[in-house]
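Read the structure below first, then the notes.
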RNA sequence: GCCGAGGUGGCGAAAUGGUAGACGCGCAGGAUUUAGGAUCCUGUGGAGUAAUCCUUGCAGGUUCAAGUCCUGUCCUCGGCACCA
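Residue numbers (our numbering): 18 to 785.
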């Protein structure tokens, strides 16, 4: 069966044309961004891909093309454009591939990036290839390590016990991204929590700035909102309840609340099972001890399932309400989280749903203390508005209460127990403790090894490489051991946009002058999956690097846009297992790159989820054929352009340019189609000069066919891609506008007004 | 539950408060062709022979005029979620 798109004598041969120009452009290597230039700069950034073994997929093609169209238009409009790409190449799939096959990750990475690059070139993505970067390149990760050392130097990287996922079957530590639905990604075993010493970055030190400085940038509301939710800033009060029994070590229980005004409604206090007092009580009270054991055996999943049914144990010990002096029982329950606030809450069942559930289950008293925003049953505070009452109660409590802001954001666990990541450049010396590797000895490279499996003790595979682990202390020169943890995937991508500004610098992560010229990123296009973590992490690193004076500006990305997703024809997600994946290579082969690009631009707004349509791409192919045919029809050209067509051309130039700038590629393509449809009509002709203008505004979408046709009119050396975006001023004299006249909701008549009529005059006419 | 995005033809969609459905797909009829495909022409929101009427999730409101602005409500999708 012939799988080729059936070509007739009218069709152009996309294969010949596209191969030809791909070779010529490759040799010309023309896309260079000049550091420092009088032209206005434009920095367009696309999330750099992870070079997987499967090759570039349709989603990559879609998003890269969307940005490529804008970039080509910006270049034609006289901008000095920085449009780079690279490889976010550290990561688990490559490591897992190495475990399975024994092929070195670096070799697999090279193979994959070569393939991606070839595919990108076929798509006519006009990157500054001379700025290509790779996070696994020692010349790159030298600076990732350098940044880590700066964090360490400033006290923002520290080592501490942290709960991490653990697979009891594979006997390895699981990164968050390896836990799918609370199960181990490899074997499907239920993951457990385990405490282990980890490197941690103190992102919480930047929590306020990460939230507040969102006001400085142009991100979609949803992105800003989800960043703020993730940071989860909450202003409230920490209040101390005394332990009524003096024999315990924990004399006071600190409690975080946002509603200190409800303190007269407290009928119990609840501790998280991990709370120090809970542990203390467990030593003497068997019932408490049993509960703590029961809870600790629960898996993460079981614990989150307990939402449905609250559990708890009465400790038989009381706490003293510091405002009323009332004694209330202390309970322990796992619905109170040790990781949020102080790990202890005051139970106000009348005004908190969860507390009410708990009170109902264990028959605890419920007392209402707020009615219509005013306090009741609250002693001397009765009648006060709840906000006033908060201030007053805090003041009256003196040193037993203070205002406090807490965050949902946790510090960032930065260690991974894997091979294929940046080694953490720290040495453990028995004499000096943790010692950073001096900057001039960076990069600390990965040793070449044969076995990539993690060790059964939960350490990284690097721990098995004795030659590498054993080293000398940079401080005392005594024997010491290297840190064997590596950095997470997020590390290299947290600063890559900076390296593009100066990719080969050996003395700094990038030259400050170059950074001052190019930064900030003018437009960052990426996917919804990176709305919170990647964006937050890279903003954090940027702010830190700005604080230590190595990069300019508070924020890395001036504006961020999120692209949508392309679904399979039936509206389901494309997936290998369903066998409904559309491969961009096949589409290029069959219909041509220009057709694919134009269709992807035309199918709908870039930020939406849209189903793929094979009929749709055939429609785009018809559009290409029509262009080809009309340009090869001598009778459609003459010395002067028909008047009505000239006016439409001006309108189209303005519309296409404006729409591309707004990333409204779909309506830009529509207006190109409208122009072509008009031109196809009998009796209208175009001059060759005006036809060239059409090719220029077509070229961002269809770079090959426009270049080929351009050469039908121009000298050999010239390229449609090196031209200037045509300037068109709307000719107001020619344009009339029709205004509908409506009376009582019915259309009564229409009037045609010349647009040059002033607004006042229009109002006069309207009055008549 | 909280936050965000969105509901317009058979489908993807378009529309600075100004004649809703541009453009594309699909469909129907015609031309061409031995035939099919491709191509070209015409038509295509719904009802009605027609004049005309109805139509942007639903119910109200503002306006000469509402898909668009306001109030309420329902539904779909995405994220977070025992966050005190």
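The C-beta atom is built at its ideal place from N, Cα and C for all residues, glycine as well.
Just to confirm, are residue i and residue j a CB contact at a threshold of 8 angstroms?
i	j	result
residue 552	residue 176	no
residue 161	residue 105	no
residue 241	residue 233	no
residue 226	residue 180	no
residue 123	residue 254	no
residue 224	residue 245	no
residue 583	residue 75	yes
residue 647	residue 586	no
residue 183	residue 209	yes
residue 709	residue 727	yes
residue 601	residue 143	no
residue 475	residue 213	yes
residue 89	residue 736	no
residue 93	residue 742	yes
residue 304	residue 330	yes
residue 684	residue 678	no
residue 623	residue 581	yes
residue 173	residue 109	no
residue 159	residue 460	yes
residue 107	residue 509	yes
What are the boundary residues of the alpha helix (DSSP H) that residue i is part of?
i	result
residue 135	122 to 139
residue 397	Per DSSP, residue 397 belongs to no alpha helix (DSSP H) and is neither H nor E.
residue 81	75 to 93
residue 441	Taken as a continuous stretch (DSSP letters only), residue 441 belongs to no alpha helix (DSSP H), as it is neither H nor E.
residue 692	682 to 697
residue 611	610 to 619
residue 557	550 to 564
With which residues is residue i paired in a DSSP beta bridge?
i	result
residue 488	497
residue 449	Answer by DSSP bridge pairing: none, since residue 449 is not bridged.
residue 60	99
residue 673	None; residue 673 has no bridge partner.
residue 465	Answer is none; residue 465 lacks a bridge partner.
residue 336	260, 345
residue 628	584
residue 704	655
Could you say which of the options lies nearest to residue i if we only look at CA atoms?
i	options	result
residue 473	113, 107, 185	185
residue 560	574, 146, 548	574
residue 383	363, 430, 713, 391	363
residue 369	386, 356, 355, 359	386
residue 443	437, 455, 436	455
residue 299	334, 631, 278	334
residue 563	48, 630, 71, 515	515
residue 207	725, 345, 315	315
residue 414	606, 340, 463, 32	340
residue 603	307, 311, 73	73
residue 657	706, 687, 93	706
residue 733	48, 649, 41	41
residue 268	295, 276, 289, 281	295
residue 445	489, 436, 479	489
residue 557	416, 289, 228, 479	228
residue 264	287, 595, 301	301
From which residue to which residue does the beta strand (DSSP E) around residue i run?
i	result
residue 363	361 to 364
residue 727	No beta strand (DSSP E) holds residue 727; the alpha helix (DSSP H) holding it covers 720 to 727.
residue 419	418 to 423
residue 179	174 to 184
residue 214	209 to 218
residue 269	269 to 274
residue 251	251 to 260
residue 578	577 to 579
Should residue i be counted as a contact of the ligand HEM given a C-beta to heavy atom distance under 7 angstroms?
i	result
residue 464	Ligands displayed in this structure: none; no statement on the ligand HEM is therefore possible.
Any contact of the segment 647 to 665 with the segment 702 to 719, i.e. 3+ C-beta pairs under 8 angstroms? yes
When you compare the segment 714 to 733 with the segment 610 to 618, are there three or more beta-carbon pairs, one atom per stretch, that lie closer than 8 angstroms? yes
Three or more C-beta pairs below 8 angstroms linking the segment 419 to 431 and the segment 492 to 499: no
Quick test of the definition: if touching needs 3 or more C-beta pairs under 8 angstroms, does the segment 627 to 640 touch the segment 92 to 104? no
With three or more beta-carbon pairs closer than 8 angstroms as the criterion, would you say the segment 59 to 73 touches the segment 537 to 552? yes
Contact the segment 114 to 134 vs the segment 505 to 525: 3+ CB pairs below 8 angstroms: no
Using 8 angstroms as the threshold, is the segment 405 to 414 in touch with the segment 336 to 351, meaning 3 or more CB pairs across them? yes
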